[in-house]
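Residue numbers (our numbering): 7 to 446. Where a beta carbon is used, it is the ideal one built from N, C-alpha and C, also for glycine. Note that the structure is predicted; figures quoted are calculated from it, not measured. First comes the structure, then the notes that go with it.
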Ligand SMILES: Cc1cc2nc3c(=O)[nH]c(=O)nc-3n(C[C@H](O)[C@H](O)[C@H](O)COP(=O)(O)OP(=O)(O)OC[C@H]3O[C@@H](n4cnc5c(N)ncnc54)[C@H](O)[C@@H]3O)c2cc1C
């Protein structure tokens with residue numbers, strides 16, 4: 007077993023660090039199992055590392071860390087069912103490319119594809135679409151290596167409780183070795199993006215959600231306009247019309263990354279300029295339409311670093327919550343540089359899913375790295391908390407197990423499964439201790 011990655015780890019935002027006592031890079035399931043039983047023999051913990059894109063310390067490994075970068079690729083593709091099984095260390099970008107190659111695609115994705123597929127599902131990563139769930143809802147079976155080193159399989163019909171828990175398991179139930187994904191025939195999306203008054207967007211929210219496969223919007227606090235994005239499937243056989251390379255480079259790399267990054271730097275140095283800079287940022291986002299292979303429309307490049315919190319709320323609370331944020335954010339002493347992102351998802355049946363049993367709207371708030379964010383995030387948490395908001399497991403929040411039990415109806419079912427499969431806490435870390443509590 008090669009030990010390639012460094013023991014010292016930090017997340018994408020640079021807000022969390024941890025140093026493992028040992029890093030192992032398993033090349034097969036036996037080596038994953040051996041790492042777990044070795045940890046047990048030494049009384050240590052073990053955690054699989056993803057790509058470190060969580061803003062919370064969910065990804066921290068303090069004893070043995072498993073680097074799964076040698077455990078990647080497609081294992082099997084079933085042409086009849088469309089199910090595709092991948093090794094857990096595979097990156098989402100590689101999954102998308104491999105699926106493209108066999109004429110398949112995932113039904114929905116988040117904003118980026120830099121995460122590993124296992125990291126993405128383990129924290130409940132999602133995109134937008136009122137009739138669709140997050141990536142974990144596209145999983146039809148899992149193979150996990152449990153605390154005693156044995157291999158378990160689970161699906162809706164095989165160990166269904168383990169399946170309901172482990173699809174969004176925070177790395178706390180075992181090391182996922184393979185993931186079987188439900189895929190669809192490859193499809194293209196037509197994207198339509200334009201600024202619209204926020205009041206109109208909220209007034210027409212239900213229609214926008216019902217009439218579009220994927221609806222979302224960005225809103226710069228202090229502004230009256232939102233930038234709406236509607237992505238809809240093109241009919242089979244229609245020829246997509248991607249943005250030209252030069253325009254794509256200019257709009258994504260120059261405007262949305264380089265120029266926006268430069269404005270953020272100015273705002274961080276001179277906070278009094280943040281509001282006018284916000285207006286400028288919103289104004290340069292011009293309308294555009296284009297179409298492309300689905301994952302190229304879902305995914306964008308995010309090179310400006312930020313911190314983020316995101317909560318799922320009942321969809322019908324969105325108007326009230328945004329009205330409250332709109333009233334309160336201008337009263338904060340420290341200005342906010344980044345837009346709020348609003349997405350939607352259908353209810354699902356995964357126990358720790360932010361959309362468990364309720365149609366949800368997601369509000370994600372951000373602040374440019376290095377600018378004060380605590381008061382803003384606290385204000386946000388109190389507003390979304392009043393409507394039973396559930397925090398994204400990979401994004402900043404302050405809730406603990408007692409608070410989360412109130413918000414997740416199946417919280418104690420998850421804890422029961424956890425204590426059955428990992429009674430000795432082999433997969434714990436401080437973040438899991440905080441949000442899940444001690445093992446019963
Ligand atoms: C720029 C940016 C954009 C983002 N966009 C979105 C978005 O659009 N939508 C959204 O919902 N989220 C988004 N996120 C959050 C991100 O998708 C999640 O935090 C995700 O978990 C990160 O995946 P990762 O591979 O980096 O996993 P990590 O953060 O490294 O780990 C996450 C968890 O997965 C566990 N894990 C990893 N591999 C395994 C395994 N094999 N078995 C068991 N557990 C495992 C880890 O132990 C850890 O508990 C974004 C984050 C960033 C930084």
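Alpha helix (DSSP H) segment containing residue 458, residue limits: What is shown of the chain runs 7 to 446, which leaves residue 458 out entirely.
Rounded C-alpha distance that separates residue 7 from residue 150: Summary for residue 7: the model assigns pLDDT 46, below 50, so the residue's position carries little reliability; its value from the coordinates is reported in the next sentence. Their backbone Cα atoms lie some 19 Å apart in a straight line.
Distance, residue 384 Cα to residue 159 Cα: Residue 159 and residue 384: Cα-Cα distance of roughly 40 Å.
4 or more residues per run - each alpha helix (DSSP H) lying fully within the segment 359 to 391: 380 to 391
Identity of the residue in 59, 358, 300 nearest residue 142 by Cα: 358
Three-pair Cβ contact test at 8 Å for the segment 186 to 195 versus the segment 294 to 311: yes
Every unbroken beta strand (DSSP E) inside the segment 57 to 93 [3 residues or more]: 70 to 73, 80 to 83, 89 to 93
Touching by the beta-carbon criterion (3+ pairs, under 8 Å), the segment 330 to 342 and the segment 414 to 421: no
Beta-carbon spacing of residue 54, residue 181 below 8 Å: yes
Inter-residue Cα distance where the pair is residue 400 and residue 57: 12 Å
Ordered list of alpha helix (DSSP H) runs contained in the segment 323 to 351, each at least 4 residues: 324 to 334
Where residue 125 sits in the DSSP three-state scheme: helix
Backbone CA spacing between residue 225 and residue 347 [nearest angstrom]: Answer to the nearest angstrom: the Cα atoms are 7 Å apart.
For residue 381 and residue 409, believed in contact at Cβ under 8 Å, the rounded distance: Rounded, the Cβ-Cβ distance is 20 Å, inconsistent with contact.
For residue 253 and residue 95, the rounded distance between their alpha carbons: 34 Å
Three CB pairs or more closer than 8 Å across the segment 19 to 33 and the segment 67 to 75: yes
Three-state secondary structure (DSSP) of residue 267: In this structure, residue 267 counts as helix in the three-state DSSP scheme.
Exposed unless 16 or more other CB atoms sit within 10 angstroms - verdict on residue 387: buried
Rounded Cβ spacing between residue 115 and residue 133 (contact assumed at less than 8 Å): 5 Å
Other residues of its chain near residue 231: CB distance less than 7 Å, five sequence neighbours each side excluded: 201, 202, 203, 204, 288
Euclidean distance between Cα positions of residue 264 and residue 63: Residue 264 and residue 63: Cα-Cα distance of roughly 28 Å.
Contact set for residue 99: own chain, Cβ-Cβ below 6 Å, skip 5 residues either direction: Taken in chain order, the residues that qualify are 119.
Residue 349 beta carbon less than 8 Å from that of residue 363: no
Cβ separation of residue 211 and residue 324, assumed to be a contact under 8 Å, to the nearest whole Å: 6 Å
Other residues of its chain near residue 450: CB distance less than 6 Å, five sequence neighbours each side excluded: This structure cannot speak to residue 450, because the chain is shown only from 7 to 446.
Cβ distance (whole Å) where residue 126 is taken to contact residue 190 below 8 Å: Incorrect: roughly 18 Å between the Cβ atoms, too far for contact.
Cα-Cα separation, residue 440 to residue 407: 6 Å
Distance cut-off 7 Å: residue 65 Cβ against heavy atoms of ligand 1: Within the chosen limit of 7 Å, ligand 1 reaches the beta carbon of residue 65 through at least one heavy atom.
Own chain, CB closer than 7 Å to residue 446, minus 5 neighbours either side, in chain order: Excluding sequence neighbours, residue 446 sits near 421, 425.
Three-state secondary structure assigned by DSSP to residue 236: strand
Simplified DSSP assignment, three categories, for residue 176: coil
For residue 421, the first and last residue of its enclosing alpha helix (DSSP H): 417 to 427
Span separating the alpha-carbon of residue 443 from that of residue 167: 19 Å
Whole runs of the alpha helix (DSSP H) within the segment 141 to 209, excluding any shorter than 4 residues: Entirely contained in the segment 141 to 209, the alpha helix (DSSP H) runs reaching 4 residues are, in chain order, 166 to 172, 204 to 209.
Any non-hydrogen atom of ligand 1 within 7 Å of residue 112 CB: no
Backbone secondary structure at residue 244 - three-state DSSP: coil
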